[in-house]
Amino acid sequence: MQVTGKNVVVTGGARGIGKALCEAFAHAGAAKVIVTDLDGAGARAVAAEIGGAAFKCDVAQEKDILHVIEETERQFGPIALFCSNAGIGGGFDPLAVNVGGASDEPWMRSWAIHVMAHVYAARHLVPRYKSRGGGYFLNTISAAGLLSQVGSAAYSTTKHAAVGFAENLAISHKADNIKVSILCPQGVDTDMLRSIPKGPQSGDGDLTPERVAKDVLKGLAEETFLILPHPQVLGYMRKKTENYDRWLAGMAKIQAKMREEFGK
1 MQVTGKNVVV
11 TGGARGIGKA
21 LCEAFAHAGA
31 AKVIVTDLDG
41 AGARAVAAEI
51 GGAAFKCDVA
61 QEKDILHVIE
71 ETERQFGPIA
81 LFCSNAGIGG
91 GFDPLAVNVG
101 GASDEPWMRS
111 WAIHVMAHVY
121 AARHLVPRYK
131 SRGGGYFLNT
141 ISAAGLLSQV
151 GSAAYSTTKH
161 AAVGFAENLA
171 ISHKADNIKV
181 SILCPQGVDT
191 DMLRSIPKGP
201 QSGDGDLTPE
211 RVAKDVLKGL
221 AEETFLILPH
231 PQVLGYMRKK
241 TENYDRWLAG
251 MAKIQAKMRE
261 EFGK
């Protein structure tokens, strides 16, 4: 897919990866880039810089996503690419005595933003895509959805679920010419990454959001499902599936090391 001349929506577009995606799509000649974010002022600022449009949107609320879809298509025409990019960190606790012990609130917030937001976008865009012969979803997930995130059970679990939904979306609607890509980087130099201690993946290097956005444009052009700005992740995935028990034991060692470091 080439975004030139097409309408693109990006959630979580006020900063980080989302902002870089908006800038990259505008530079690539998108007809209109729709910047959405819970931070409405931030979304408007990015939109003003790139000649786009902006909506305040809480992706945890289906009505907000539906509003963005309806208003974008009413004002600017059909959406060709919907980038479900918004995400949250939080809940990082390498010293947790029980990974299921946190209250429901952080779990449900992660579920709403990391999974249901993708579901809501598909719920309202798939019928539109089917009626006009196709469309594209780009879901920002994380390498944590393919591997794991030591110290953050809610983040890791919901990112795994997001991968599962994206796979089902791609499988179920391939015949409808609906395409899906998932963006799964490791460390990216964003506010979210800076808010947590460095993990074992930090040795692979933190990328800039702009570099990630460049990889997204390449992945979309090739229409590849799995976009991996850190190519090492593919090797880690292979090691995981080759010997799951060995991989779990290795991750447990990382957990033990983190407990030792953060318990001091």
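Take the sequence shown: its position 43, counting from 1, is numbered 43 in UniProt numbering, and each next residue is one higher.
Glycine residues also receive a C-beta, built at the ideal position from the N, C-alpha and C atoms.
Exposed unless 16 or more other CB atoms sit within 10 angstroms - verdict on residue i
i	result
Lys179	buried
Ser172	exposed
Tyr244	exposed
Gln2	exposed
Lys257	exposed
Pro127	exposed
Lys174	exposed
Thr4	exposed
Gly52	buried
Gly16	buried
Beta-carbon proximity check, residue i vs residue j, cutoff 8 Å
i	j	result
Val33	Val59	no
Asp176	Tyr129	yes
Val115	Ala162	yes
Ala112	Gly12	no
Ala143	Cys83	no
Ser103	Ile88	no
Ala47	His118	no
Reference residue i; option with closest CA among the options
i	options	result
Lys218	Pro127, Leu138, Arg128	Leu138
Glu49	Tyr244, Ala14, Tyr120	Ala14
Ala122	Asn98, Leu146, Arg109, Ile69	Ile69
Arg132	Ile79, Val216, Lys253	Ile79
Phe92	Asn85, Ser156, Val188	Ser156
Leu169	Arg211, Ser103, Phe225, Glu210	Phe225
residue 268	Ala154, Gln61, Asp37	Summary: the structure shown does not reach residue 268, with the chain confined to residues 1 through 264, and so no result is reported for it.
Ala249	Glu71, Ser148, Val8	Ser148
Asp37	Thr72, Phe25, Ala54	Ala54
Between the CA atoms of residue j and residue i - distance to the nearest angstrom
i	j	result
Ala28	Leu81	13 Å
Leu66	Leu125	9 Å
Thr140	Ala213	11 Å
Gly187	Gly164	22 Å
Val35	Asp64	13 Å
Ser181	Gly18	15 Å
Arg74	Asn98	48 Å
Gly100	Ser152	10 Å
Thr241	Leu146	11 Å
Ala41	Glu23	17 Å
Met251	Arg238	15 Å
Asp39	Glu260	37 Å
His230	Asp204	8 Å
Leu95	Phe262	7 Å
Leu21	Gly235	26 Å
Glu222	Phe25	16 Å
Val150	Ile254	8 Å
Gln61	Arg44	20 Å
Leu207	Asp189	6 Å
Glu71	Cys57	12 Å
Ala30	Trp247	42 Å
His160	Arg211	24 Å
Pro209	Ile227	14 Å
Boundaries (first-last residue) of the alpha helix (DSSP H) holding residue i
i	result
Asp104	104 to 111
Val46	40 to 50
Ala256	244 to 262
Phe92	Premise fails: Phe92 is in no alpha helix (DSSP H) and is neither H nor E.
Ala30	Note, Ala30: premise wrong, no alpha helix (DSSP H); not H, not E.
Ile69	62 to 76
Val3	Taken as a continuous stretch (DSSP letters only), Val3 belongs to no alpha helix (DSSP H), as it is neither H nor E.
Leu125	117 to 131
is_contact[residue i, chain B] using C-beta, thresh 8 Å
i	result
Ala144	Structure shown: chain B not included; a single protein chain is present.
Residue i, enclosing beta strand (DSSP E) - first and last residue
i	result
Asp206	First-last for Asp206: undefined, no H or E at that position.
Val8	7 to 11
Lys174	No beta strand (DSSP E) contains Lys174, which DSSP labels as neither H nor E.
Ala80	79 to 84
Val180	178 to 183
Asn139	135 to 140
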